[in-house]
Every structure is written in structure tokens, then in C-alpha cells.
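A.B. asks: My questions all concern the structure below.
Here it is in C-alpha cells:
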């Protein structure tokens, strides 16, 4: 049964509906506006009450000395529920949207201190116990001006360090600038600055196990005495095993509730709850089981560096096994076109004709995506680039290039950055030196079995294994762009190691044993001696040849089913037999 809304909650809900009616969809999307149902607000605040009491705030949410801060308050959903649940202390709502503040003020009056501004511009000094609560904007970036950006970026430096205090050494750390990451770090600074309290935030759940977020997790794990996570799931970015799992907000990433509290004695454990099902089922569970959500007794996790995962994990790799990037240092994500229907085609002549039509400015249905202006894409700039390419090289020899589009589906693509978002020119230079490339992924948040290993003799598409953005294809060529062997030893040694790696990664026993670890970071391999390489390298080469050949026999690879020669199954079985006999793995 749905709990009736209290007076403040009803007024806030009404204000939110009125604001939505006056807010253009584009403005809502750009601002990351997501309204939080009262069921979620109450659940978050009750879990915050637990966190406050664990922090030594005796009366919890009802403590008169407590300051409750919502740094992205909107119309005041969390503060309205805080009043219903008995908050007696100071209530502070901050938002950069004056209209939202006015709507909130009309709903809750002067019981709340309302501030128009960007909370991330500075960290306020708040005396006494404090609770930071809320649902930060669901957008990729947030800090708008130089002052806000410098203040926020300075805080984020802690998230760029691992549990050992060393830099993460990641090439792509853009996800650490997402709005919710900045608000979590801000909330941490506010609570730790006050000396006593907690934060309870609803955010993107990607940080719970994202490899690049390990510094963020380590900072939270080391900086708070108590940590609790409620994983609400609902990601549209992962491949499911068939079970229904809706998002409570209708956004694409998963959703998580994180409570972090101070305290005299630090617990090394993280309390974890998981909730799956339809949106209505989740909201009902949150209302009915505020003390336990999906599981009355939460799972107690013991995060371990360097990953420090905030989700249950299975068997990890042995400590002395080596990751693919350590074996093959040069690697890149596959080609990202952002407009496959225009840029990619299995028929080279058809693709060339389409580009000629685009250069001439012809309006055709198959060019619709090319005519649509988007962030980082200007149709006229793209047209001029294509026109120049057609004029200089009418046959497309230099700019219509082979692409390993999907397993068993070779194609061609337009290698022009003005039209193709990321053609991966450095990868092209590396692969021009010869040999097939090993393909795999860094992570896979999906629930299907891990089967992400393959080969290509051309640049691969970043969706080669899966269309999910949480499972992008990585390409490991035999040479670097300068033509040097991509690994230890000479070109022959690298080729043998890569073929052996393909053989081991293709073993079903290996995949089943390390399924969880493979979904969280790059595959790892044992040290293979000369005797092992003598067996595995020829086996891997034979498997690579089969994977590159055409055929009619279906086989599973990544999240897809491809067609290839019947011998693929036999070669995979031989790989598995070696792994089973020599690596002593039990799934």
C-alpha cells in the first residue's frame, strides 16, 4: 500500500508538476532534472537516520542541532519529506535554478533557508552535525565557470588516486567529472569539515564497480566509518539475462543510494542491498521495507584494493597474473562513428555512392543522420570534408576503409573525422604493420556469460561484441603505430604471446571461472613458459584463422551469435582442454 503523502510532500509534488509543465523538455534534459518520488525520499532519509545515529547523533534526523543540506534541492522533495519524518533542525536548500527555488519556497515557506547558486562553487563551513541529502543532476558535466570549476576540480583530485595513494594511470577519466561524482565529493568535504554527520545521496550507480571509479570508492571507504549502498539497478546499458529490471527514474544508467557516515571506529565493511524488478515493485519495497529494502539482512562486503568494489564479487584473478594492457601496451577502443547508417556499409560501392550524394547535397533517407546537427558534429563541415575527399580520391582508396563491424560481418567505413566521430587513426597506423589484432573488453556490466574475445584484421567497431555502452570493444594490435612490437620481445615473440592469449581467453573453463572478474576489468593471464607457448600459439593462430573465415555454423561471441566455420567449436574445445589440464581451474 502506498503511504499517503504528508502536507509538505504534497505541496512539493504539486510544485514539481507545475514546474514540469513550464519547463521545456530540452531544458529538463540539459539540466539533468529528475524528480524524486516521496517513497525514495523517505527511504533515503530513514537510511540517513541510521547513518546519523551510527555517527553519534543521538536523535538522528530529529536532532535539533542537525543541519540538513540539499545541494541540488529543486522544488524541495527531500526537505519536504524530512519535515514529515520529524526533522527539527536547520534545513538548507541550494539550487542554481531560481525558478525551482521559488517553487520550493512557495511549497515549504521559510522553514527552509533557500539559496540560489551553485553549491559546488565552495564548501561551506557548517558547525555541529550535518546531513547532506539529495538527488544530484543526471548530467555528465556540471561546473560552469572558472571559479566553480577550479573549486570542484581541486576536490576531485582525491578520486584520481588509488587506495595506495598512487595516480590511477588512466587515459580516460572523464567519468570522474560527471555531476554526481562532483556532488559526492562535495558532500564528503562538507561532512568531514563538520566533523560529525553523514551524507545520503541518490546517484548514478556506475561508480559501484566502474574501473575508473576505484579511486572514488577508495576515498569513501577510507574516509568514512560506515558505508551503506542500496543498489536499485535499472541500467539500460547492460545486457540482461531475461529478468525485468526497470529504472526508478527512467534514466539510462543504474541508480544507487549511498549513505556514508562518520564515527569513532571505522568499519572495513560496506553494507550492500540490491533491489530488482519493475519500478512499482521497487517503490513499494522501499516504502514497506525502509530498514532493509530487498534484503532484510544486507550483505556485508569487504572491499579489497585495488578495485575496492562496492558490489558482491566472485573469484578474482591470482595476484601474479598479468593484464592484457601489461602484455600489449598499445591498445585502443574500436571505431565509433555515431552514425553507422551513413558511415558504414557492407557494400563498398554503395557506401561510396552515398558519400558522393552527400557531397552533392542530395537529400536522401539514407543520409538523414548525416544531416542532423549534434554536439561535436556539423553537417556542413562534414559535407565539405567528404567533398574534398571525393575530389582528391574519387575511388575512396584512402578514405573508405575496411572495418570489422560485427563478428563474421566485415564492412567498410568512411575514415574522415568530420563525419566519423572517432576513426582511430593511431590504431590504423598500428594495424598497417601487419597481423591480426586481439579483441576484448575492459568491462561488462551485463548479466550474460562473458565471451568477449575475438580477432580482426582491420580496425574493429567499438560495438563489435555488444551494442551496450558498458561493454566497448578494445583492440590490441601486434605492433604500435611506429611499427615496434607491441609487447616484450621481437615481433615473433609478441605474435606467439598474442596467439596464446587468444587460446586461453577462448576457454570456456577460464571464462566461467573468472566470469565476475572479467566483467570488472581487463582479462588477466598466467605466465606462460616456452612449453605452453609451443602448444598454445599454433592453437591460437588456427583459431584466429577460423574466426576470420566465413562459414554457416552459428557460434556465440560477446553478446552476439555469429556465423563461421564449424571448426571454431573444435578449436575452442581444444583450448579448453589445455586450460583444464594445466591451469587447475574450477568454475
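Residue numbers (my numbering): -7 to 579.
Virtual Cβ for every residue (Gly too), placed ideally from N, Cα, C.
1) Assuming residue 227 and residue 245 are in contact, meaning their beta carbons sit under 8 angstroms apart, how far apart are those beta carbons, in whole angstroms?
2) Check whether the Cβ atoms of residue 111 and residue 69 sit closer than 8 angstroms, and answer yes or no.
3) For residue 294, count the other beta carbons within 10 Å of its own beta carbon; 16 or more makes it buried, fewer makes it exposed. Which is it?
4) In the DSSP output, which residue or residues are listed as bridge partners for residue 337?
5) Name the two residues that bound the continuous beta strand (DSSP E) containing residue 468.
6) Can you give the Cα-Cα distance for residue 174 and residue 368, rounded to whole angstroms?
7) Around the Cβ of residue 14, are there at least 16 other Cβ atoms within 10 angstroms (buried) or fewer (exposed)?
8) Sorry if obvious, but does the Cβ on residue 31 come closer than 7 angstroms to a heavy atom of the ligand ZN?
9) Identify whether residue 364 lies in helix, strand or coil by the three-state DSSP scheme.
10) Which residues in the same chain have their Cβ closer than 6 angstroms to the Cβ of residue 83, if we skip the five residues on either side of it in sequence?
11) Please give the ranges of any alpha helix (DSSP H) in the segment 119 to 202, keeping only runs that are unbroken, at least 4 residues long and fully inside the region.
12) CB-CB under 6 angstroms to residue 167, same chain, minus the five flanking residues each way: which ones, in chain order?
13) Using only CA atoms, which one of 540, 555, 538, 74 lies nearest to residue 546?
14) Can you check which of these residues, 46, 156, 11, 172, is closest to residue 98 by C-alpha distance?
15) Tell me which same chain residues have a C-beta within less than 7 angstroms of the C-beta of residue 181, skipping the five on either side of it?
16) What distance in whole Å lies between the Cβ atoms of residue 440 and residue 326, which are believed to be in contact at a cut-off of 8 angstroms?
17) Are the beta-carbon atoms of residue 443 and residue 503 separated by less than 8 angstroms?
18) Less than 8 angstroms between the CB atoms is what I'm expecting for residue 217 and residue 255, so what's the real figure, rounded?
19) Under a three-way DSSP split, which group does residue 286 fall into?
20) Residue ranges of each beta strand (DSSP E) run of no fewer than 3 residues wholly in the segment 213 to 277, ordered along the chain?
21) Distance, Cα to Cα, residue 306 vs residue 511?
22) Alpha helix (DSSP H) containing residue 28: first to last residue?
23) Pairs of beta-carbons, one from the segment 458 to 475 and one from the segment 420 to 437, closer than 8 angstroms: are there three or more?
24) Report the start-end ranges of each beta strand (DSSP E) in the segment 479 to 551 that is 3 residues or longer and not cut off at the edges.
25) Per DSSP, which one or two residues make a beta bridge with residue 430?
26) Given residue 268, which residues of its chain have a CB within under 6 angstroms of its CB, disregarding the five upstream and five downstream residues?
27) Identify every residue that forms a DSSP beta bridge with residue 324.
28) With 16 as the cutoff for other CB atoms within 10 Å, does residue 376 come out buried or exposed?
29) Which one or two residues does DSSP pair with residue 397 in a beta bridge?
30) For a test of the three-state rule: what should DSSP assign to residue 6, helix, strand or coil?
31) For residue 538, which residues in the same chain have their Cβ closer than 8 angstroms to its Cβ, ignoring the five residues on either side in sequence?
32) Using a Cβ-Cβ cut-off of 8 angstroms (strictly less than) and excluding sequence neighbours within five positions of residue 395, which residues of its own chain qualify?
33) Take every Cβ of the segment 40 to 59, pair it with every Cβ of the segment 119 to 132, and state whether three or more of those distances are shorter than 8 angstroms.
34) If distances are taken between C-alpha atoms only, which option among 261, 177, 566, 260 comes closest to residue 582?
35) Helix or strand or just coil, what does DSSP make of residue 342?
36) Whole-angstrom Cβ separation of residue 4 and residue 67, contact assumed at under 8 angstroms?
C.D. replies: Working from what's here:
1) What you label residue 227 is simply residue 235 of the chain shown in a count that begins at 1. What you label residue 245 is simply residue 253 of the chain shown in a count that begins at 1. The Cβ separation is near 6 angstroms, so the contact holds.
2) As a working note, residue 111 is residue 119 in the chain shown. As a working note, residue 69 is residue 77 in the chain shown. Against a cut-off of 8 angstroms, the Cβ pair of residue 69 and residue 111 comes out as no contact.
3) As a position in the chain shown, residue 294 is number 302, starting the count at 1. Exposed.
4) Within the chain shown, numbered from 1, the residue matching residue 337 stands at position 345. According to DSSP, which records beta bridges pairwise, residue 337 is partnered with 404.
5) Locating residue 468 in the chain shown gives position 476, where the first residue counts as 1. Element bounds for residue 468: 465 to 468.
6) For the purposes of this step, residue 174 is taken as residue 182 along the chain shown, with counting starting at 1. For the purposes of this step, residue 368 is taken as residue 376 along the chain shown, with counting starting at 1. Going from the Cα of residue 174 to the Cα of residue 368 covers about 24 angstroms.
7) As a position in the chain shown, residue 14 is number 22, starting the count at 1. Answer is exposed; the Cβ neighbour count stays below 16.
8) The ligand ZN is not part of this structure, which contains no ligands at all.
9) Your numbering for residue 364 matches position 372 in the chain shown. Residue state, collapsed to three classes: coil.
10) As a position in the chain shown, residue 83 is number 91, starting the count at 1. Only 60, 71, 104 meet the Cβ criterion.
11) 138 to 148, 171 to 186
12) Start at 1 with the first residue of the chain shown, and residue 167 comes out as number 175. Excluding residues within five positions, the ones whose Cβ falls inside 6 angstroms are 204.
13) The residue you call residue 546 lines up with position 554 of the chain shown. Minimum Cα distance to residue 546 is reached at 555.
14) Counting from one through the chain shown, the residue named residue 98 turns up at place 106. Ranking 46, 156, 11, 172 by Cα distance to residue 98 puts 11 first.
15) Counting from one through the chain shown, the residue named residue 181 turns up at place 189. Correct list, in chain order: 115, 147.
16) In the chain shown, residue 326 corresponds to position 334, counting from 1. In the chain shown, residue 440 corresponds to position 448, counting from 1. Residue 326 to residue 440, Cβ: 20 angstroms. No contact.
17) Here residue 443 is taken as the residue at index 451 of the chain shown, counted from 1. Here residue 503 is taken as the residue at index 511 of the chain shown, counted from 1. Contact: yes.
18) Position 225 of the chain shown, counted from the start, is the residue given in the question as residue 217. Position 263 of the chain shown, counted from the start, is the residue given in the question as residue 255. Contact holds; Cβ gap of about 3 angstroms.
19) For this step, residue 286 is matched to residue 294 along the chain shown. Here the model assigns residue 286 a pLDDT of 45, short of 50, so the residue's position is not dependable, and the following value carries that caveat. Three-state result, residue 286: coil.
20) 218 to 225, 247 to 253, 262 to 266
21) In the chain shown, counting from the first residue as 1, residue 306 sits at position 314. In the chain shown, counting from the first residue as 1, residue 511 sits at position 519. So the two alpha carbons sit approximately 10 angstroms from each other.
22) Against the chain shown, residue 28 aligns to sequence position 36. Careful: residue 28 lies outside any alpha helix (DSSP H) and carries neither H nor E.
23) yes
24) 545 to 549
25) One-based indexing of the chain shown puts residue 430 at position 438. DSSP lists 447, 468 as partners of residue 430.
26) On the chain shown, position 276 is the one that residue 268 refers to. Same-chain partners within the cutoff: 225, 237.
27) In the chain shown, residue 324 corresponds to position 332, counting from 1. DSSP output for residue 324 lists 467 as bridge partner(s).
28) Stepping through the chain shown from its first residue, residue 376 is reached at position 384. With fewer than 16 Cβ atoms within 10 Å of its Cβ, residue 376 is classed as exposed.
29) Here residue 397 corresponds to residue number 405 of the chain shown, with the count starting at 1. According to DSSP, residue 397 bridges with nothing at all.
30) For this step, residue 6 is matched to residue 14 along the chain shown. Looking at residue 6 - three-state DSSP - the assignment turns out to be helix.
31) By 1-based counting over the chain shown, the position of residue 538 is 546. So the list reads 556, 557, 559, 560, 563, once near-sequence residues are dropped.
32) One-based indexing of the chain shown puts residue 395 at position 403. Counting only Cβ-Cβ distances below 8 angstroms, and skipping sequence neighbours, we find 327, 336, 402, 403, 404, 405, 450, 451, 452, 453.
33) yes
34) With the chain represented from -7 up to 579, any question about residue 582 goes unanswered, as that position is not in the structure.
35) For the purposes of this step, residue 342 is identified with residue 350 of the chain shown, where counting begins at 1. Helix.
36) For this step, residue 4 is matched to residue 12 along the chain shown. For this step, residue 67 is matched to residue 75 along the chain shown. 5 angstroms between Cβ atoms; contact.
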